[in-house]
Amino acid sequence: MTTQPPKLVTVGVIAAELGVPVDRVCRILRLRTHIKPRAYAGNTRLFDNAAIAQVRHELNAIAARRAGGCQ
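For my numbering, add 12 to where a residue sits in the sequence shown, where the first one is 1.
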């Protein structure tokens, strides 16, 4: 049985997958310090699927607050 290495992506790939600007993802990662990179390649941060899900959750929470959904 072979095990595959985890899928690790950069901030730009996360932004493209979620359809948001890169600076929005960078801001979330800077302010939500509980979202940590899984690895580094030089100075590049690499994130796993769990981090992508956390970023997606934060984006949805921000959108809900803007729409007045959490009252």
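Quick reminder that beta carbons are idealized off the backbone N, C-alpha and C, glycines included.
Please read these numbers as outputs of a predicted model, since none were measured by experiment.
Tell me, which residues are paired with residue i by DSSP?
i	result
R36	DSSP output for R36 lists no bridge partner at all.
R57	Y52
Tell me which residues share the same chain as residue i and place their Cβ nearer than 6 Å to its Cβ, disregarding the 5 neighbours each side in the sequence.
i	result
R57	P49
A27	V34, V37
Could you give the first and the last residue of the continuous alpha helix (DSSP H) run that contains residue i?
i	result
G24	23–30
Which of the three DSSP states, helix, strand or coil, is assigned to residue i?
i	result
L41	helix
H46	coil
L20	coil
Among residues of its own chain, excluding the 5 on either side of residue i, which ones have a beta-carbon nearer than 7 Å to its beta-carbon?
i	result
E70	I40, R44
F59	L20, V21, I26, P49, R50
According to the Cβ coordinates, are residue i and residue j closer than 9 Å?
i	j	result
I47	A63	yes
R77	L30	no
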